[in-house]
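Reviewing the structure listed below.
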Amino acid sequence: MRVSALVIALLMMTAGTEAQVTKKNFGKTPDGKTVEMFTIKDGAIEAHIITYGGIVQSLKVPDKNGKSADVVLGFDTAEEYIEGNKPFFGAIIGRYGNRIAGGKFQLNGKTFQIPLNDGPNALHGGPKGFDKVLWTGKIIPHGVELTYQSPDGEMGFPGKLTAVVRYTLVGKDFKIEYSATTDKDTVVNLTNHSYFNLAGAGNGNILKDEMKINAGRYTPVDPTLIPTGELASVEGTPFDFRKPTAVGARIDGKDDQLNKGHGYDHNWVLDSSGKLSEAAEVYEPVSGRVIQVLTDQPGVQFYTGNFLDGTIKGKDGKVYEHRAALCLETQHFPDSPNHPNFPSTELKPTQKYHTVTVFRFSTR
Numbered sequence: 015m016r017v018s019a020l021v022i023a024l025l026m027m028t029a030g031t032e033a034q035v036t037k038k039n040f041g042k043t044p045d046g047k048t049v050e051m052f053t054i055k056d057g058a059i060e061a062h063i064i065t066y067g068g069i070v071q072s073l074k075v076p077d078k079n080g081k082s083a084d085v086v087l088g089f090d091t092a093e094e095y096i097e098g099n100k101p102f103f104g105a106i107i108g109r110y111g112n113r114i115a116g117g118k119f120q121l122n123g124k125t126f127q128i129p130l131n132d133g134p135n136a137l138h139g140g141p142k143g144f145d146k147v148l149w150t151g152k153i154i155p156h157g158v159e160l161t162y163q164s165p166d167g168e169m170g171f172p173g174k175l176t177a178v179v180r181y182t183l184v185g186k187d188f189k190i191e192y193s194a195t196t197d198k199d200t201v202v203n204l205t206n207h208s209y210f211n212l213a214g215a216g217n218g219n220i221l222k223d224e225m226k227i228n229a230g231r232y233t234p235v236d237p238t239l240i241p242t243g244e245l246a247s248v249e250g251t252p253f254d255f256r257k258p259t260a261v262g263a264r265i266d267g268k269d270d271q272l273n274k275g276h277g278y279d280h281n282w283v284l285d286s287s288g289k290l291s292e293a294a295e296v297y298e299p300v301s302g303r304v305i306q307v308l309t310d311q312p313g314v315q316f317y318t319g320n321f322l323d324g325t326i327k328g329k330d331g332k333v334y335e336h337r338a339a340l341c342l343e344t345q346h347f348p349d350s351p352n353h354p355n356f357p358s359t360e361l362k363p364t365q366k367y368h369t370v371t372v373f374r375f376s377t378r
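Counted from 1, the sequence shown has number 167 at position 153 by our numbering; the numbering is strictly sequential.
If you want it as C-alpha cells, here you go:
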C-alpha cells in the first residue's frame, strides 16, 4: 500500500509539471457558430486563447511581488471582438502580416490584388484576414492547436493554405509555433498582434518601459508606411535600442520617420535570424515585469499604440489611452513580395512554412 501511495504521489507531481488546459464557450459569431476559449495555466501564468481570430484574449503574469495582472489589451466578449473595426488586439495575422504596397504583388509573372484596407495599401491580409475568421481548436500537451484552411483566392492570395498555430505555456515561456502548407505557389507571413502593457492592461501608457531591440538596422518607410527598400543603420537615430532605452525618451522628437509613423511603427532588421534567439526585451520598472521576445524570424515590428486614442473601452471597462500598449510582431519584412532584396516570403507546395516565437516572462 505504501508503494502504491508513493507511485500515485509521484504521478501527481509529474502531472503537476504540465500546463493545465481547459475549454469553454465564449459566445457566438453572427452566423451562430460557437467561439471557444482555451485556458492554459502553468504555475502563476495563465493564458486565454479564443478561436475567433486565434486571439490571445488574456495573459496573466505576476509582478515582482507576486501580484498577477492581465498584460494584454482586449475585450470581455466575443461580440466586442467581432463588431466594428478593432485594432487586431491579440490576433493571429495572415496570410500576410503588415503592409503590401497597393495591395499588389507579382508571383511567377502574374499580378495578384489584395483588397485595400489601409489607405492605398493592404494591411494584415486585407479586410478579412486570419484575425477575422473562426479557427478550429483542440487541446494539446501544454496548450492549444488552432487550424484554419484558407481557400484558393481568399483575399486575393493564390493557393489553398492550411495554417496551424500552436500556443503552449511551459513555465515562464509562452510559445507560438506557426506552420503552413499550400497547394500553389503563394506568399505567407504569419504573426501575432498582442498589445502588451506590463503594468497591466488599461493601467496608463508604455512610455516609461525600457526597450531593447537587438538590431543594428531598420527599414525606413514612405508616408504610407511602406518600406523604401533601404536597410538603414540605427546608429545616431531614435531607432537605436541596442541598449535599454525608455520608449518615450525620443518618441516625439523631430524625426521624419517618427513623424510618418506617429511614433514607432517600423520593422527592425534583427541581427540574428534563422535560429531562435533574443530579438527584444521590455522592462516595466514599477511592476518589475520583463518580457523577452525570442524568434527565428528576420524582423520585428515595434509599434507603440499610436492610433489608440481613448475611444476604446476594453476588459473591465478600462479605457485604452494613447500609447496604452506596445506590440512586438515577429515577422518577415513588410511588403517583401515587392522588394527582391528582402528575405523571401514565397511558399511552394513542396515546402513547409514553420517559425517559432517565444514570449518569456520574468521579473527584476
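Where is the CB? At the ideal position from N, CA and C, for every residue including glycine.
Given the structure is predicted, the values throughout are model-derived calculations rather than measurements.
Whole-Å CB distance - H346 paired with N203, under 8 Å assumed:
With a Cβ gap of about 5 Å, H346 and N203 count as contacting.
Strictly by DSSP, which residues pair up with K42?
The secondary-structure analysis by DSSP pairs K42 across a beta bridge with T48.
G319 versus H280 - alpha carbon distance:
Each residue's Cα considered, the two are about 12 Å apart.
Status (buried if at least 16 other CB within 10 Å, exposed otherwise) for Q120
Exposed, because fewer than 16 other Cβ atoms sit within 10 Å of the Cβ of Q120.
Any idea if N206 is buried or exposed, counting beta-carbon neighbours within 10 angstroms, 16 or more meaning buried?
Using a 10 angstroms sphere on the CB of N206, the tally of other CB atoms reaches 16 or more, which defines it as buried.
Three-state secondary structure (DSSP) at I96?
DSSP places I96 in helix when its eight states are reduced to three.
Using a 10 Å radius around the Cβ and a threshold of 16 neighbouring Cβ atoms, would you call I153 buried or exposed?
Here I153 is exposed. Its C-beta has fewer than 16 other C-beta atoms within 10 Å.
For S208, which of helix, strand or coil comes out of DSSP?
The answer is coil: DSSP assigns S208 none of H, G, I, E or B.
Report buried or exposed for E159, applying the criterion of at least 16 other Cβ atoms within 10 angstroms of its Cβ.
By the 16-neighbour rule on beta-carbons within 10 angstroms, E159 is buried.
In the DSSP assignment, find the unbroken beta strand (DSSP E) run with L342 in it and report its ends.
Per DSSP, L342 belongs to the beta strand (DSSP E) from 341-345.
Under 6 Å Cβ to Cβ from K366, same chain only, skipping five residues before and after it: list those, please.
Taken in chain order, the residues that qualify are T195.
Hey, would you say Q163 sits closer than 8 Å to T182, going by beta carbons?
No.
Cα separation between T150 and K329?
Taking the straight line from one Cα to the other gives about 24 Å.
Same chain, Cβ closer than 6 Å to Y317, five either side skipped, listed in chain order
Within the same chain, Y317 has close Cβ partners D279, C341.
With a threshold of 16 other CB atoms inside 10 Å of the CB of V372, please say whether the residue is buried or exposed.
Buried, by the Cβ-count rule.
Let me make sure I understand the geometry here. Which of K186, N219, T31 has the alpha-carbon closest to that of F321?
Ranking the options by Cα distance to F321, first place goes to N219.
Within this structure, are the beta carbons of E292 and Q306 separated by less than 8 Å?
In this structure, E292 lies near Q306, with their beta-carbon atoms less than 8 Å apart.
Assigned exposure category for D56 - 16 Cβ within 10 Å defines buried:
Under this definition D56 is a buried residue.
Just list the beta strand (DSSP E) runs in the segment 135-198, keeping only unbroken ones of 3 residues or longer that don't cross its boundaries, in chain order.
Residue ranges of uninterrupted beta strand (DSSP E) with 3 or more members, entirely inside the segment 135-198 and ordered along the chain, are 150-154, 157-164, 175-184, 187-196.
Given a cut-off of 8 Å on the beta-carbon distance, is the pair K189 and V370 in contact?
Yes, the Cβ-Cβ distance between K189 and V370 is below 8 Å.
Would you mind working out which of T309, V86, E249, G331 sits nearest Y192, comparing C-alpha positions?
Of all alpha-carbon atoms in T309, V86, E249, G331, the one lying nearest the alpha-carbon of Y192 is that of T309.
Could you name the residues that DSSP lists as bridge partners for I106?
Residue pairing of I106 in beta bridges, as defined by DSSP: N206.
Once the 5 residues before and after G157 are set aside, which same chain residues still bring their CB inside 7 Å of it?
For G157, the CB contacts under 7 Å within the same chain, skipping 5 residues up- and downstream, are A33, V35, I54, R180, Y181, T182, L183 in chain order.
Given K289, which residues of its chain have a CB within under 8 Å of its CB, disregarding the five upstream and five downstream residues?
Cβ within range, chain order: D310.
DSSP state of L87 mapped onto helix, strand, coil:
It is coil, neither helix nor strand.
From K146, E60, G46, pick the residue whose C-alpha is nearest to that of F375; which is it?
In this structure, E60 is the residue among K146, E60, G46 with its C-alpha nearest to the C-alpha of F375.
For F231, which residues of its own chain have a beta-carbon under 7 Å away from its beta-carbon, when the five flanking residues on both sides are left out?
It is Arg, not Phe, that sits at residue 231 in the sequence shown. Excluding sequence neighbours, R231 sits near L245, A246, S247, V248, V283.
Is the CB-CB distance between V49 and A105 below 8 Å?
For V49 and A105, no; Cβs fall outside 8 Å.
Beta-carbon proximity list for S118, same chain, < 8 Å, skipping 5 on both sides:
The question names Ser, but residue 118 is Lys in the sequence shown. If we look at K118 and ignore the five residues flanking it on each side, its Cβ neighbours are T125, F126, Q127, I128, N352.
Hey, quick one: how far does the beta strand (DSSP E) through L73 stretch, first residue to last?
It spans 70-76 - the beta strand (DSSP E) in which L73 sits, taken as one unbroken run.
In chain order, what residues of the same chain lie with their CB nearer than 8 Å to the CB of K274, ignoring the 5 residues before and after it?
Counting only Cβ-Cβ distances below 8 Å, and skipping sequence neighbours, we find V235, D236, P237, L239.
Just verifying my parser: in three-state terms, what is the DSSP assignment at V300?
Looking at V300 - three-state DSSP - the assignment turns out to be coil, as it is neither helix nor strand.
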